[in-house]
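Some notes on the structure that comes next.
Residue numbers (the working numbering): 11 to 1177.
This is how it looks when you write it as structure tokens:
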């Protein structure tokens, strides 16, 4: 069987991740994943797919429990299984479409051939920890060939430790040599001590019998007096009861008499009076409401007559509204026309002024074109540039001559140079070392940053710790212990939730069972045993009354027990008939129970089922409480784990995060210590450089505290100053040569600028003549004339635009007046010649709003009148209904009118109140009469002499006092007899010793039985190792020899057996020179290789007898060098020729080396 494909659909942090395993020259599949890429998650997915998800998993941090999914395609010979495994309790294997797949589950179980998760993990899973544990087992002092082969062949790396633990436990239970450290001999010692105590404290039978008879006599005399006291106290309580119920009993009889007088009163409903009063109120309110509504209708009719409608005006409403909207625009147009006329007159005046300013006499002279004006402006603009060029050339020539003179002065003012070679060399050396002060500041900033980081980490540490030194000294639990508590607390919490859920389920189940039983009993109406007993009790009570009345012929007295149950009045009046009826009813119930015995048995079975469910509910409650107690205990242990650190812990997850934060804080503390040392070293180097530099600069005071950077800057400035002085001299000489050549160039430029200005003068005069202006105008006057021409052209254009706008406005006003005239004609109205059209539209619009308002008001009032009529009809119906209710009450009371009805209602209410008071009085009698029947209590009161009742109670109290006087000495005599009897054994040490003897015997038996089990298990484990070694020693050692030679690169030629000093066979490695090396003498890596060779040999041996299963290997070669790792991969490739090998690693170089060296013998994949 091999995995052809593994789909991590929703598992851990994976979503829809697929790995396809294609067979190459071998079936070695190397899966590479960087740290945190999910290598361990992918490896665990193999086991979860094959054997199902465990009950609890930590891989639900992205996907919920019910969403976890793993898919795979498995090849097994000709068969192929493609399925999806989900998280659940049953039917967890689905087909590729997500449906149930029982047949696939069966086929997968068949391919696994009975292998479970534990066997698969032990036999076919290899990892670095397993190699290391197996190697340590091989090197153990008590390990031999049997142990080594069993450990490597079965995957039980701790088989030696298990056997040693069994042997140690057996030795602590029993051994031929007696020892008080063994449980069996401890119990035997307790047995001997108990036997001695029993012999010492035994007593004689005759003495015991005499004291026992004396104690029985005293006990009997005391019980006789106590019984007499109980009888007297019972009589006293009866009299006290009669005294308590005397007053309510008399009131009960008075109520009965008054009710008898009202028995002819009709029985009306409780709400008869409220119904009668509501009906009367409804009649009156309806009458008032109808009168008010009629007055409102009259007012509405009067208002409707005053409202006049104008339909023609309303039909023209849209047109009038549009005219009203345009009214403001027309008024604005009138003002705009006047404004345009004023603006045009102003523009005409401006044009006349422009012609006058230009000196044009003819007003019809055309204005120059825009092109001619632009050409003239460009020429005028050139004049300033040309004159500026002449002035600039003149100025430049003068400046050059002055600059040459200044340079000559500067050259003379420069002094002599200073030799700075030594200072430059020192600066060069210092530059190579870098900026030490900046580095010091950086280191100091790092120290400060680490201080702040430590403070921040301390502030974020919850639970808090005062400082980092205190934190470093805390004794905190190991992280593994925290993880164990997290797992245990999670398991305990999950168990508590599970038991609580089971408790809830059982509660619902019990409730449903009880409801089902009640419904079944209600449907079947089976005669119950309680009904039969009640019927027989009633029969017996009737018989007691018959016997007292007709056989004994006497009246009841205070000492007669009341009938149970109490008889009704009819039974007391004719007890014989009641006795016959009760007898017949009891017989019928007994016959019915016999006839329906099967149904009653079924009912009993259902009752038993309910009882079983209730018992299961109690057990579930106990388990829930135990789980809660375990959870509380774990929480207490969790807090105790941190007592040494004086910390109140949070949850394990939070404290694991606390430990991570603690590790980070301690790392920051170590970094700070290193940073402080680096800072001090830098400060010393800076001081040494400061002294050297002061000597080079010629400073006499070497104790100055000037910063090194300042001194270095001073040195640089000195060097730079001397360099600048030399550079300045060379610059001045170079610049004077440049200025000589520049002066010649500037003289030529000055002559060229003057020629260009003369050419401009000729072009300017020609342009003015073309525009009709004076040709002798200078540039400024010419530009002013051009501005006047531009303004005049703009005035002429604006005047034309305003004329066109005025024509449009006049046309719009004419159209407005035409539409107004049409509306006035349609509505029969005339225009007022003295008002403007806009005012006529305003007046017409106001008339339209009035007409619309009157029309809306008319519609509203007509609707109101119709609604008022409907309300009158409703009130009439209400009044009729109220009258019908009053008539119905009259018929019920048997009277003709409402006045008589009220009197009957009053009597009926009195009768009802008396009945309620009678019931309350009966409750009082029942409460004060200790639950006795009311009739019996009243009869007892009426039969008693209430006047002498107090004297009878006092007499009984005297008798009770006499009995109490005798009871005290009798009690003392009984206690003395009991003490004398109990003292016969001296104390209970004989009984205690007997119990201790039985306990010691039970402990001896338990120790012996446990010794047999544990000792046998250790012996069987030893025999199993020997039997396994006998069967597998030769094939495993032969194959292991070849693999060991391959893994070690020939360092070990083969494996062999060699007897040690205890004459036990040991597996040893044989080198090429024939020397033997035992596992204890091998290096850790070599022992790992030895265990790996034997494990692979065992797997190959298993594959010869059973169907192949995939081997899962996880980073086996962490501590191997490249040569040994490559040899290990080569061995795995050889194993992959027989079965699939899935090798997981997070080492990039191992994947690259395997791909390079093994070629197509390995297939690589990346997560």
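Where is the CB? At the ideal position from N, CA and C, for every residue including glycine.
Query	Result
Please report the residue range of the beta strand (DSSP E) in which residue 786 lies.	Unbroken run through residue 786: none, as it is neither H nor E.
Sort out for me which residues DSSP pairs residue 96 with in a bridge.	79
Report yes if the CB atom of residue 324 is closer than 8 Å to the CB atom of residue 861, and no otherwise.	yes
In whole angstroms, give me the CA-to-CA distance for residue 943 and residue 519.	41 Å
What are the uninterrupted segments assigned as beta strand (DSSP E) that are 3 or more residues long and contained completely in the segment 1082 to 1169, given in chain order?	1121 to 1124, 1151 to 1155
For residue 35 and residue 79, what's the separation of their Cα atoms in angstroms?	32 Å
If you compare alpha carbons, which of 1133, 989, 1013 is closest to residue 1059?	1133
Are there 16 or more other CB atoms within 10 angstroms of the CB of residue 764, so buried, or fewer, so exposed?	exposed
Does the beta-carbon of residue 1149 have 16 or more other beta-carbons within 10 angstroms, so that it is buried, or is it exposed?	buried
If you count every other CB in all the chains shown that lies within 10 Å of the CB of residue 815, and 16 or more means buried, which is it?	exposed
I want to check one thing, is the minimum distance from the CB of residue 810 to the heavy atoms of the ligand MN below 7 Å?	No copy of the ligand MN occurs in the structure displayed, which carries no ligand at all.
Between 231, 741, 609, 279, which has its C-alpha nearest residue 424's C-alpha?	741
Would DSSP call residue 879 helix, strand or coil?	helix
Residue 820 bridges to which residues according to DSSP?	Answer is none; residue 820 lacks a bridge partner.
I'd like to know if the segment 655 to 662 and the segment 671 to 681 are in contact, where contact means that at least 3 CB-CB pairs between them fall below 8 Å.	no
Spell out a yes or no on whether the segment 228 to 243 and the segment 984 to 992 are touching, meaning 3 or more CB-CB pairs, one atom from each, closer than 8 Å.	yes
By the DSSP assignment, the alpha helix (DSSP H) with residue 312 in it spans what residues?	282 to 316
State the DSSP-derived secondary structure class of residue 612, mapped to helix, strand or coil.	helix
State the Cα-Cα distance for the pair residue 384 and residue 851, rounded to the nearest angstrom.	54 Å
Pick helix, strand or coil for residue 272, following the three-state DSSP scheme.	coil
Rounded to whole angstroms, how far is the Cβ of residue 1122 from the Cβ of residue 1109, which I believe are closer than 8 Å?	At roughly 11 Å, the Cβ-Cβ gap does not stay under 8 Å, so residue 1122 and residue 1109 are not in contact.
So the candidates are 1139, 799, 1115, 878; which of them puts its Cα closest to the Cα of residue 366?	799
Could you give the distance in angstroms between the alpha-carbon of residue 283 and the alpha-carbon of residue 912?	8 Å
Along the chain, which unbroken stretches of the beta strand (DSSP E) at least 3 residues long are found entirely within the segment 650 to 693?	none
Whose C-alpha, out of 207, 188, 556, 250, is nearest the C-alpha of residue 967?	250
In this structure, how does DSSP classify residue 38 when only helix, strand and coil are distinguished?	strand
Could you have a look at residue 190 and say whether DSSP puts it in helix, strand or coil?	coil
CA-CA distance, residue 465 and residue 674?	12 Å
On a Cα-Cα basis, can you pick out the residue from 977, 1118, 1102, 421 that is closest to residue 142?	1102
Please state if the CB of residue 1127 and the CB of residue 41 are separated by a distance shorter than 8 Å.	no
Mapping DSSP to helix, strand and coil, what is residue 1058?	coil
In this structure, does DSSP put residue 870 in helix, strand or coil?	helix
May I ask which residues mark the beginning and end of the beta strand (DSSP E) holding residue 28?	24 to 30
If we call anything under 8 Å between Cβ atoms a contact, is residue 1076 one with residue 689?	no
Can you say whether residue 75 is buried or exposed, counting buried as having 16 or more other CB atoms within 10 angstroms of its CB?	exposed
Quick one: using the 10 Å Cβ neighbour count with 16 as the cut-off for buried, is residue 94 buried or exposed?	buried
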